[in-house]
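If you're matching positions, the sequence shown starts at 226 in the numbering used here and goes up one per residue.
Here a beta-carbon is modelled for each residue, glycine too, at the ideal position from N, C-alpha and C.
No experiment lies behind these values; they were computed from the predicted model shown.
Down below is the structure, laid out as structure tokens.
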Amino acid sequence: METTAKFIIDGKTYEFPIVTGTEGERAIDISNFRRLTGLVTLDPGYANTGSCKSSITYLNGEKGMLWYRGIPVDQLAEHSTFVETSYLLINGRLPTRPQLNRFSVMLNDNSLVHEDMRAFFTNFPRGAHPMGILSSMINALREFYPELPERSEDEEINLRFARILSKVRTMAAMSYRISRGHKVCYPRHDLSYCANFLNMMFDSPVNPYVIDEELVQALNVFWILHADHEQNCSTAAVRLVGSARVNLYAAISAGICALWGPLHGGANQAVVEMLQNIHDSGGDPAPFIARAKDRNDPFRLMGFGHRIYRTYDPRAVILQKMCSKVLRKVRRKDPLLDIAEKLREIATKDSYFIDHSLYPNVDFYSGIILRAIGIPLNMFTVMFAIGRLPGWISQWKESMDDPDWKLHRPHQVYTGPKEQAYISIDER
Ligand code: CMC
Numbered sequence: 226m227e228t229t230a231k232f233i234i235d236g237k238t239y240e241f242p243i244v245t246g247t248e249g250e251r252a253i254d255i256s257n258f259r260r261l262t263g264l265v266t267l268d269p270g271y272a273n274t275g276s277c278k279s280s281i282t283y284l285n286g287e288k289g290m291l292w293y294r295g296i297p298v299d300q301l302a303e304h305s306t307f308v309e310t311s312y313l314l315i316n317g318r319l320p321t322r323p324q325l326n327r328f329s330v331m332l333n334d335n336s337l338v339h340e341d342m343r344a345f346f347t348n349f350p351r352g353a354h355p356m357g358i359l360s361s362m363i364n365a366l367r368e369f370y371p372e373l374p375e376r377s378e379d380e381e382i383n384l385r386f387a388r389i390l391s392k393v394r395t396m397a398a399m400s401y402r403i404s405r406g407h408k409v410c411y412p413r414h415d416l417s418y419c420a421n422f423l424n425m426m427f428d429s430p431v432n433p434y435v436i437d438e439e440l441v442q443a444l445n446v447f448w449i450l451h452a453d454h455e456q457n458c459s460t461a462a463v464r465l466v467g468s469a470r471v472n473l474y475a476a477i478s479a480g481i482c483a484l485w486g487p488l489h490g491g492a493n494q495a496v497v498e499m500l501q502n503i504h505d506s507g508g509d510p511a512p513f514i515a516r517a518k519d520r521n522d523p524f525r526l527m528g529f530g531h532r533i534y535r536t537y538d539p540r541a542v543i544l545q546k547m548c549s550k551v552l553r554k555v556r557r558k559d560p561l562l563d564i565a566e567k568l569r570e571i572a573t574k575d576s577y578f579i580d581h582s583l584y585p586n587v588d589f590y591s592g593i594i595l596r597a598i599g600i601p602l603n604m605f606t607v608m609f610a611i612g613r614l615p616g617w618i619s620q621w622k623e624s625m626d627d628p629d630w631k632l633h634r635p636h637q638v639y640t641g642p643k644e645q646a647y648i649s650i651d652e653r
């Protein structure tokens, strides 16, 4: 197999090395391309561009495979917890029992949010989107809990990350309670990360929340499946903003803003809205599928398609199975799941979707599970954000430690007017 790629430009040949990843994926290293040829490459949406080497997450879009630090995500979903998976992503290896205990203690010890921050939450207008609140509050968090010095010991590094993981979860629950005019429910030391979140969301002085281990497990799986997905839009945003050597809180805040979009994390909310629209219009998905196929209609089937996966998203496969389990547990039948299944069945047999390699992605079923747990629609993307935190943190950490790291500053091909003279306002 060739180890270099040749480019012939204006009759001159240039050679560039081909780098090979662990699983044999190959890339042409064009880091010297502009210096040698004077040209830049043009790749809108970076669909063909690798922005970094990374040892965190591997995904194979053709085979529908996803690994964190080499471990298939279905094994983690079956055997691990979100806290253990977070440790794995951040530290590169599964923790020993003492390491996991220490990390869990750190999460518990850092679960409270400074009381002065409550004023911010209460002063957002009612109806403010929780993603907007969360991205602002993460920046505010830094002012209350300043960063550690650049050169810190492992213990301090884990403390810095545990603080963010724990407080963001508390803040998410707080923003929900305050938005409903309810008293904030504080975290409890005796509860696990996921159980604590559910309790902070739903416990009430008049109706104490009964923690159900199956729902806690469902939330663990939901968050494990969202924990990282290599260079997706929000992670690329975290790395790009982080490349200016901004602090971690600001980089994560940028990631949250990117995730909010309906083509990315916001799709989980958009899927349920779409299924509800199908339900309200009589339950037949066919007209929606027809609209999605119509080139003159901007409508897309939400929860379908992915930049990398050309087959089923492995996360959707796990969530699909979990939907029925969770609905059975809460003794609810959700008509939206029936509609989702009907829609999936028609779409996956339709030549448009087959030819375009469009299959259900992670967001297709996740909303049904979140609804069953009792999470309100406008919190769905916040749930995704809490899950993606360990991914953003580990990718940021990797980028900070990367000796080849550079400020992210892409080029462009200018297509505007040629130089022209300024015309004074009276002469225009
Ligand atoms: N419904 C109908 N047509 C679609 C869809 C869809 N959901 N997704 C892509 N297409 C078509 C698109 O119209 C285009 O057709 P043509 O080549 O005939 O013009 C073709 O497929 C390629 O589309 P693209 O937008 O160039 O592809 P992409 O790789 O940039 O898109 C995507 C990836 C996720 C933005 C897109 O599939 C989409 O908009 N899906 C719906 C939103 C969604 O579910 N997002 C969640 C993604 S997974 C979770 C996450 O990463 O956040």
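Query, Result
"Beta strand (DSSP E) runs contained entirely in the stretch 240-328, provided each spans 3 or more residues", "251-253, 282-285 and 290-293"
"Reduced DSSP secondary structure (H/G/I, E/B, other) of Ala511", "helix"
"Reference Asp299, options Glu570, Ala646, Met547 and Val466, closest by Cα", "Met547"
"Cβ-based neighbour list, Tyr370, same chain, cut-off 7 Å, excluding 5 preceding and 5 following", "Arg388"
"Alpha carbon of Lys518 to alpha carbon of Gly528, nearest angstrom", "15 Å"
"Inter-residue spacing [alpha-carbon to alpha-carbon] between Arg535 and Thr262", "34 Å"
"For Pro371, the three-state DSSP class (helix, strand or coil)", "coil"
"Simplified DSSP state of Thr640, which is helix, strand or coil", "coil"
"With 16 other Cβ atoms within 10 Å as the buried cut-off, status of Lys392", "buried"
"Distance CB(Leu313)-CB(Tyr283) smaller than 8 Å", "no"
"heavy atom of ligand 1 below 7 Å from Val587 C-beta", "yes"
"CA-to-CA distance, Pro635 to Thr266, given in whole angstroms", "10 Å"
"First through last residue of the alpha helix (DSSP H) which encompasses Phe524", "It is not in any alpha helix (DSSP H) - Phe524 carries neither H nor E in the DSSP assignment."
"Cross-strand partners of Ile234 (DSSP beta bridge)", "Lys237"
"Where Pro585 sits in the DSSP three-state scheme", "strand"
"Own chain residues within Cβ distance below 6 Å of Arg394, not counting five before or after", "Phe422 and Ile611"
"C-beta contact flag for His451 and Asn603 at 8 Å", "no"
"Any non-hydrogen atom of ligand 1 closer than 7 Å to Leu267 Cβ", "no"
"Straight-line Cα distance separating Gln637 from Ala646", "23 Å"
"Contact under 8 Å by Cβ, Ala272 with Arg532", "yes"
"Strand pairing of Thr229, partner residues [DSSP]", "Pro242"
"Spatial neighbours of Ser582 in its chain, beta-carbon cut-off 6 Å, leaving aside the 5 residues before and after", "Arg535"
"Met499 Cβ short of 7 Å to ligand 1 heavy atom set", "no"
"Inter-stretch contact at 8 Å, needing at least 3 Cβ pairs: the stretch 483-494 / the stretch 452-459", "yes"
"beta-carbon Asn457 near ligand 1 non-hydrogen atom, thresh 7 Å", "yes"
"Inter-stretch contact at 8 Å, needing at least 3 Cβ pairs: the stretch 330-337 / the stretch 410-424", "yes"
"CB contact flag (Val497, Gly592, <8 Å)", "yes"
"Buried versus exposed call for Ile564 [16 or more other C-beta atoms within 10 Å across all chains shown]", "buried"
"Val338 and Met425 closer than 8 Å at C-beta", "no"
"C-alpha distance - Leu384 paired with Ile315, whole-angstrom precision", "12 Å"
"C-beta contact flag for Ala420 and Val435 at 8 Å", "no"
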